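Colleague: Would you mind keeping the following structure in view while I ask a few things?
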Amino acid sequence: MKKHTTINQSLSADVSTCMNVAVDLAKKVFQVAGEDALGQVIFEDRIKSREAFQAFLQKLPASVTVLVETGPGAQAWARLLQAQGNPVCILPAQHVANHRSGPKNDRNDALAILRAGRDCTISAVPVKSAAAMAMQALHRARQGYIRRRTAVGNQMRGLLLEQGVSMAQGETAISQRVPRILEDATQPLPDLLRELIAELLGEWDQLGERVNVLTGRLETAAKQNETAKRLMTVRGVGPIIATALLAKQTEPERFANARQFAAYFGLVPSQHSSGEKIRLGKMSKQGDAYLRSLAIQGAHAVLRQVRPDSEQPDDQRLQRWISRLGRKEAAVRLANRNLRILWRLLQNDQTYRRQPGNSQEATMSH
2 MKKHTTINQS LSADVSTCMN VAVDLAKKVF QVAGEDALGQ VIFEDRIKSR EAFQAFLQKL
62 PASVTVLVET GPGAQAWARL LQAQGNPVCI LPAQHVANHR SGPKNDRNDA LAILRAGRDC
122 TISAVPVKSA AAMAMQALHR ARQGYIRRRT AVGNQMRGLL LEQGVSMAQG ETAISQRVPR
182 ILEDATQPLP DLLRELIAEL LGEWDQLGER VNVLTGRLET AAKQNETAKR LMTVRGVGPI
242 IATALLAKQT EPERFANARQ FAAYFGLVPS QHSSGEKIRL GKMSKQGDAY LRSLAIQGAH
302 AVLRQVRPDS EQPDDQRLQR WISRLGRKEA AVRLANRNLR ILWRLLQNDQ TYRRQPGNSQ
362 EATMSH
């Protein structure tokens, strides 16, 4: 049976008469749908090569707004469109999916993008510069190395546990204990397993070196960026968080207040409210999981350094949070507070400075 996609052949209007054009991006095949000012779909097309799609975009009038969803290549096409003067809007893929009607295919995806573009409650993703995308690539590669290194470490621990050798979690336990186990002839390990563990340990060490190299590059980039240096004046914010936030290019002016900025990263309670009953649940975990985890890790690092006998107002506040909420919830609260401060710093040229003495408020200084 021949497979085919049915397209309304009556939609033959010129694309120049469209107000919005939605594109379902792919590697080689691009589904296009256009609508007029009334929201009626008046144009549909299927372009089967990247060269033809680029020629199609170059012919678009400057008055046509192009809508795409997040995904591989969306930022590059968006920069091309901006360079030629076309307004472009990148919509989050998870929100576009809520507007899809019917089975998932290229045509329905393009129509869903059109409908999502009319939804005023959906915030567009900022178009990032090539430099920001390169910085983001460093973070993604570093995160991938960390994940693989963690997986290799867990694999070594599991293989040794099957032979009756128990090990604690953590980088220190692996770096110190595994070489001793391999050198200890009294350990009841088969020779094949010793060779395998030695190979895995070598891979684990190499991944650690790669992580350190990328960490060094990010630290250098942070030292050379004035905005990153200002962000690092916040307690719990280091070069990794600062460069990750700059690479994201969140455009803080899009948020009405600092609370909405923190909510953008999911550091607020989820809601299950109805009528007059307000029910707040656990952390919503919406938004960028990578930046949220970095902010919480930075907060944990701060909490580990808080001294119980400190007379600093910030330290005393953190101690109250820890005693009342526990260490994990206190870290989430501190991460939320730090993001609110970062929202303020991203909009001006100030630096953050903790107020010494008995004052409870921190200050912003030029």
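Residues in the sequence shown are numbered consecutively from 2, following the numbering used here.
We put the CB at the ideal spot given by N, CA and C, even for glycine.
Source: prediction; values computed, not measured.
1) Can you grab the Cα-Cα spacing for the pair Ala38 / Val333, in whole Å?
2) Which ranges does the alpha helix (DSSP H) cover as unbroken runs of at least 4 residues, wholly within the region 162-214, from first to last along the chain?
3) Assuming Arg149 contacts Leu208 (C-beta within less than 8 Å), just tell me the rounded distance between them.
4) What are the start and end residues of the alpha helix (DSSP H) that includes Leu39?
5) Just list the residues that DSSP pairs Ile323 with in beta bridges.
6) Helix, strand or coil for Gln255? Go by DSSP, reduced to three states.
7) Sort out for me which residues DSSP pairs Val33 with in a bridge.
8) Would you say the region 131-145 touches the region 230-250, given that touching needs at least three Cβ pairs under 8 Å?
9) Taking DSSP as the reference, what is the three-state secondary structure of Thr352?
10) Is it buried or exposed, Asn339, if we count other Cβ atoms within 10 angstroms and call 16 or more buried?
11) Tell me which residue opens and which closes the alpha helix (DSSP H) that Glu52 is part of.
12) Please report the distance separating the alpha-carbon of Gly159 from that of Val153.
13) Among Met20, Leu112 and Asn349, which residue has its Cα nearest to the Cα of Glu254?
14) If we ignore side chains and look at the alpha-carbon of each, how far apart do Thr18 and Phe262 end up?
15) Whose C-beta lies closer than 6 Å to the C-beta of Ala300 among residues of the same chain, with five residues either side of it excluded?
16) Suppose contacts are defined by Cβ-Cβ distances below 8 Å. Is Leu61 in contact with Val16 by that definition?
Modeller: Let me lay it out:
1) 45 Å
2) 172-184
3) 6 Å
4) Unbroken run through Leu39: none, as it is neither H nor E.
5) Note: Ile323 sits in no beta bridge, so no partner.
6) The question names Gln, but residue 255 in the sequence shown is Arg. Residue state, collapsed to three classes: helix.
7) Val24 and Asp46
8) yes
9) strand
10) buried
11) Arg51 to Gln59
12) 10 Å
13) Asn349
14) 38 Å
15) Gly237, Ala332, Leu335 and Ala336
16) yes
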